[in-house]
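Here's the structure, in structure tokens; my notes come after.
Residue numbers (our numbering): 20 to 137.
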């Protein structure tokens, strides 16, 4: 079990309910869809910035990475990144991930709490 966030390109939804609908539509297309798309340039830059802070779990020899799957870039498709982190590091990593998304003009959605972050 992991703590999941979604980050996407686009305008910030007006409220959490709308964000949930946007997330579900993006998830259906880019995660559950049959066509795999490479991550957009902005999403790829976001993943690279996350990996500057913490290494990819596939390269984590000291067990310091918060990511629950790897390579992390495989969690990205088109304008969406849907990724998880281990519960033990979720608070710190999710705050950083949400702040980073905001600084890069991306929307961050907390899947567990069904709300926009930060």
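We put the beta carbon where it would ideally sit given N, CA and C, even for glycine.
Quick check: the Cα distance between residue i and residue j, rounded to an integer number of angstroms?
i, j, result
"residue 78", "residue 111", "20 Å"
"residue 64", "residue 57", "13 Å"
"residue 120", "residue 137", "9 Å"
"residue 92", "residue 53", "18 Å"
"residue 86", "residue 23", "10 Å"
"residue 27", "residue 39", "12 Å"
"residue 103", "residue 82", "16 Å"
"residue 36", "residue 132", "11 Å"
"residue 42", "residue 70", "23 Å"
"residue 126", "residue 88", "21 Å"
"residue 51", "residue 80", "31 Å"
Does the Cβ of residue i have 16 or more other Cβ atoms within 10 Å, making it buried, or fewer, making it exposed?
i, result
"residue 98", "buried"
"residue 96", "buried"
"residue 73", "buried"
"residue 109", "buried"
Per the DSSP calculation, residue i is bridged to which residue(s)?
i, result
"residue 92", "In the DSSP output, where bridge partners are listed per residue, residue 92 has none listed."
"residue 128", "25, 135"
"residue 32", "For residue 32, which the question treats as bridged, DSSP gives no partner whatsoever."
"residue 58", "97"
By DSSP, does residue i sit in helix, in strand, or in coil?
i, result
"residue 39", "helix"
"residue 86", "strand"
"residue 53", "coil"
Identify the continuous beta strand (DSSP E) that holds residue i and give its terminal residues.
i, result
"residue 104", "99 to 104"
Hey, quick one: how far does the alpha helix (DSSP H) through residue i stretch, first residue to last?
i, result
"residue 118", "109 to 122"
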